[in-house]
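Inspection log for the structure reproduced underneath, given as C-alpha cells.
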Amino acid sequence: MVRITSISRVLLLLVCSWLSVATAAACPPDAVETGHEATLRDGTLPYLACAGTIAVDNGDDAQGRIFYTAYLASSDVEQRPVAFVWNGGPGADSRLLHFAALGPVRIRDSRAEANPDSPLAVSDLVFVDPVGTGFSRAESEGEAAGFYSTTADIAATTDFILSWLETSGRADAPIFLVGESFGTWRAAGVAEALADQGRPVAGIALISGGIPLGDMPDRHLMRALSLPNRAATALAHGKLAPEMRGDLPQVLQRAERFARAVYAPALVDPAALSPKERAAVRGRIAAFQGLSPEAVDPETLWVSPRTFRTELLGEAGQMLDVFDMRSTDGADPTPSGKAVLRYYREHLRYAEGRYAGIEVDELPVGAEWQYDQAPITPESLARAMAGEGPPSPSQPWTLRAMAKMPDMRTFVAAGLYDSLNSCAANEATVAALPTPVAARFALHCYPGGHMMYDEPAVAVAFGHDIAAFLGAEKQE
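In mature numbering (1 follows the signal peptide of the UniProt record, and there is no 0), the protein residues as written are -26 to -1, 1 to 450.
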C-alpha cells in the first residue's frame, strides 16, 4: 500500500496544477483576453477571446503587424484543431466570415447576437486581417506597398501563423486554413509554404474561390459548366425559355448535360460547325440562359459573365449582382461597421489602433495589388475584364500542397447563384484529378451567392458542413 504524506500530497497538487496550467487555453502574452460563453445548437461553451497583433515580415524585409481575433474553447490545447480564417479582396478584412458565418458572435441588422452555427465546438478559431485591413498595418507608409502582392501576402500570412502557434503554445496543434474568394489563393499558397517549412496542415477550406490549380487545362469545359448556374438564375428571374423549365434539379441536370455534350465541344472549335448547326447550338445556348440568340457571340459562341449579368434583365435596365445573380441591387452584406467597432471596443475591450474602413478610410490595398504569382497576358487581362476572375492565373498551390502533405484534405464550397464560381466546374475539376487526390476533396454547393451563409437557412448547412470538416481531425 502506498501512503501519500502531506508533503507528497502538496507536491502532487502542485504537479497537477502545473499540468492544468500547461494544457489550458490561453491568449498570447500581448493580446487582450476576455472570457465569454458561446450559445451553440448543442448547448453552451465557455471560451476565451484574444484580440491582438503579431509582428510579420513580407519575405523581403518589409515589416508589419497583423491583427487577429482568436476564440479558444478547450483545455486540450495539444489535440484541439486551430482554424485560421480570412476573407479575400484582395484588401478585405475578415468581417464577413467572422461576423456573418463562423464566429461565436454574429452581427445582423447592426446588432450582435449568438451564432449557433459557429464551429467553435470542434475547433478554435483565429480570424486574420491582412496588412492594410482592419487594425493591421505596415510599420511605416513606405513599407505598406511591400505587403500588397500575392507572394508577399503568402509570406506574411505564413509568418503570422507560425508566430501565433509558437506564442500560443500550440506548435503541435492540427491546423486548418479557411479562405473565401481571393482568400482561397492565400489558403492554398500558405498551405504549401507551411509544408515547405515542415509544418503540416490538416486541411484547407476554399469558399467561393474555386480551386487554385494554376491556369486551367480545359478552359472550354470550365466555361461551358457555368451554364447550370446561369440556367438556375434565369429560372429564378422567370426568364428561362419555356422548353427549358422544370424544377431546379431538372433544370440543373439538363443544363449540365448540354454543357458537357454540346456546349464544351462547340467552344473548342466553333468553326467546325456548319452554319445550320451553329445557329441551332447558338439558339440552345441562349435558351438555357434566358437570353436572345443575339447575346451569344456569333464567332466564339461564348457569353461572358459580364454579358450575362448585363443582358438577362437588360430590357428593364437592370444588371445582375456579381456576387448573387438573383439580386440587382448589389446590397453589401458586410456587417455594420459601427456594430463591429462596438464589439471590439466594448465586448472585447480592445482599445488600440484605428480600424481601416470604419474609423479611417480604407487603405488602397486592392487598387495597388500586384498579381506577381504569374504573368499578366493580354488574354488573361481580357478574361478579367469580362468578369472571369483575377488578371492572371493562380499557381497550382493546392495540388503541390496536397502532394507534399498526403494527409491534407480540401473542402470546397460554392454558391449556385455566384457569377464568379461554378458548382459543376468544381466537380469536373476534381473528377479530373488522380483518384487518390480526388478522394481527399469534399465538395459542397449551396443555394446562395458568393456569401452563401448570408441566408439563414443556408447558414445552418454551411456551419454544419464546416464543423464536420474541421471536426474530422479529432475523430481520426
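All C-beta atoms, glycine included, are put in the ideal place defined by N, C-alpha and C.
Note that the structure is a prediction, hence the values are computed from the model and not measured.
Residue i - containing beta strand (DSSP E), residue span
{"i": "Cys1", "result": "No beta strand (DSSP E) holds Cys1; DSSP gives it neither H nor E."}
{"i": "Phe156", "result": "First-last for Phe156: undefined, no H or E at that position."}
{"i": "Thr13", "result": "Val6 to Leu14"}
{"i": "Ile40", "result": "Gln37 to Leu46"}
{"i": "Ile259", "result": "Where Ile259 is concerned, there is no enclosing beta strand (DSSP E), although the alpha helix (DSSP H) it sits in stretches over Pro249 to Gln263."}
{"i": "Ala147", "result": "Note, Ala147: premise wrong, no beta strand (DSSP E); not H, not E."}
{"i": "Thr18", "result": "Gly17 to Asp31"}
{"i": "Val102", "result": "Asp98 to Asp103"}
{"i": "Phe73", "result": "Run containing Phe73: none; DSSP gives neither H nor E here."}
{"i": "Leu226", "result": "Element bounds for Leu226: not the beta strand (DSSP E) but the alpha helix (DSSP H), Leu222 to Phe232."}
{"i": "Ala416", "result": "Phe415 to Tyr420"}
Residue i versus residue j: straight-line alpha-carbon distance, rounded
{"i": "Ile185", "j": "Thr372", "result": "7 Å"}
{"i": "Ala29", "j": "Pro3", "result": "13 Å"}
{"i": "Ala235", "j": "Ser354", "result": "26 Å"}
{"i": "Ala(-3)", "j": "Glu429", "result": "36 Å"}
{"i": "Ala435", "j": "Val175", "result": "25 Å"}
{"i": "Ile(-20)", "j": "Gly38", "result": "Confidence in Ile(-20) is poor, its pLDDT being 33 and thus under 50, which makes the residue's placement unreliable; the coordinate value appears in the next sentence. Cα to Cα, the separation comes out at about 51 Å."}
{"i": "Val(-6)", "j": "Leu46", "result": "Here the model assigns Val(-6) a pLDDT of 37, short of 50, so the residue's position is not dependable and the matter cannot be decided."}
{"i": "residue 451", "j": "Met293", "result": "Because the chain in this structure spans residues -26 to 450, residue 451 falls outside the shown range and cannot be described."}
{"i": "Ala198", "j": "Ala238", "result": "5 Å"}
{"i": "His438", "j": "Ala431", "result": "11 Å"}
{"i": "Asp31", "j": "Ser142", "result": "19 Å"}
{"i": "Gly361", "j": "Val296", "result": "9 Å"}
{"i": "Glu320", "j": "Thr8", "result": "11 Å"}
{"i": "Lys312", "j": "Ala95", "result": "28 Å"}
{"i": "Val6", "j": "Pro421", "result": "38 Å"}
{"i": "Asp146", "j": "Ala416", "result": "25 Å"}
{"i": "Ala330", "j": "Ala205", "result": "39 Å"}
{"i": "Ser396", "j": "Gln347", "result": "23 Å"}
{"i": "Gln344", "j": "Arg280", "result": "23 Å"}
{"i": "Arg15", "j": "Val411", "result": "33 Å"}
Cβ separation of residue i and residue j, assumed to be a contact under 8 Å, to the nearest whole Å
{"i": "Asp298", "j": "Gly423", "result": "3 Å"}
{"i": "Ile40", "j": "Val314", "result": "Between Val314 and Ile40 the Cβ distance is about 17 Å, and since that is not below 8 Å, they are no contact."}
{"i": "Gly340", "j": "Gly65", "result": "4 Å"}
{"i": "Ser97", "j": "Arg54", "result": "7 Å"}
{"i": "Ala375", "j": "Ala129", "result": "Going by Cβ atoms, the distance from Ala375 to Ala129 rounds to 15 Å, so no, they are not a contact pair."}
{"i": "Ala388", "j": "Ser182", "result": "6 Å"}
{"i": "Arg225", "j": "Leu209", "result": "Contrary to the premise, residue 225 reads as Val rather than Arg in this sequence. That pair is a contact at about 5 Å."}
{"i": "His211", "j": "Gly153", "result": "Their Cβ separation, rounded to whole angstroms, is 30 Å, which puts His211 and Gly153 out of contact at 8 Å."}
{"i": "Asp127", "j": "Arg160", "result": "6 Å"}
{"i": "Val79", "j": "Tyr317", "result": "7 Å"}
Residue i, DSSP secondary structure in three states
{"i": "Arg82", "result": "strand"}
{"i": "Ser354", "result": "helix"}
{"i": "Pro239", "result": "helix"}
{"i": "Gln53", "result": "coil"}
{"i": "Glu273", "result": "coil"}
{"i": "Ile135", "result": "helix"}
{"i": "Val(-17)", "result": "Low confidence applies here, because Val(-17) scores a pLDDT of 31, under 50, leaving its location unreliable; read the following figure in that light. It is helical."}
{"i": "Val314", "result": "helix"}
{"i": "Ala433", "result": "helix"}
{"i": "residue 453", "result": "Residue 453 is absent from the model: the chain starts at -26 and stops at 450."}
{"i": "Val334", "result": "strand"}
{"i": "Arg283", "result": "helix"}
{"i": "Ala88", "result": "strand"}
{"i": "Val339", "result": "coil"}
Residue environment, residue i, which counts as buried when at least 16 other CB atoms sit within 10 Å
{"i": "Asp381", "result": "exposed"}
{"i": "Glu251", "result": "exposed"}
{"i": "Thr(-22)", "result": "Residue confidence is low: Thr(-22) scores 37 on pLDDT, short of 50, so the model does not pin down where it sits. Its coordinate-derived value is still stated next. The residue is exposed, with fewer than 16 neighbouring Cβ atoms inside 10 Å."}
{"i": "Met359", "result": "exposed"}
{"i": "Pro384", "result": "Looking at the sequence provided, one finds Thr at residue 384 rather than Pro. Counting Cβ neighbours within 10 Å, Thr384 comes out buried, since at least 16 surround it."}
{"i": "Arg283", "result": "buried"}
{"i": "Val242", "result": "exposed"}
{"i": "Arg111", "result": "buried"}
{"i": "Pro338", "result": "exposed"}
{"i": "Thr131", "result": "buried"}
{"i": "Thr124", "result": "buried"}
{"i": "Thr409", "result": "exposed"}
Alpha helix (DSSP H) segment containing residue i, residue limits
{"i": "His194", "result": "Arg193 to Ala198"}
{"i": "Arg374", "result": "Trp371 to Lys378"}
{"i": "residue 456", "result": "Nothing can be reported for residue 456, as the shown portion of the chain is limited to -26 through 450."}
{"i": "Ala387", "result": "Segment Arg383 to Gly389 is the beta strand (DSSP E) holding Ala387; no alpha helix (DSSP H) there."}
{"i": "Ala176", "result": "First-last for Ala176: undefined, no H or E at that position."}
{"i": "Leu209", "result": "Leu201 to Ala210"}
{"i": "Gly116", "result": "Glu115 to Ala118"}
{"i": "Thr107", "result": "Premise fails: Thr107 is in no alpha helix (DSSP H) and is neither H nor E."}
{"i": "Leu401", "result": "As written in the sequence, residue 401 is Glu, which differs from the Leu given in the question. It spans Cys397 to Ala405 - the alpha helix (DSSP H) in which Glu401 sits, taken as one unbroken run."}
{"i": "Ala245", "result": "From DSSP, Ala245 is part of no alpha helix (DSSP H); its letter is neither H nor E."}
{"i": "Ala66", "result": "Note, Ala66: premise wrong, no alpha helix (DSSP H); not H, not E."}
Proximity test, Cβ basis, 9 Å: residue i and chain B
{"i": "Tyr324", "result": "In the structure shown, chain B does not exist; there is a single protein chain."}
heavy atom of the ligand SAM below 8 Å from residue i C-beta
{"i": "Arg144", "result": "Of ligands this structure carries none, so the ligand SAM is not represented either."}
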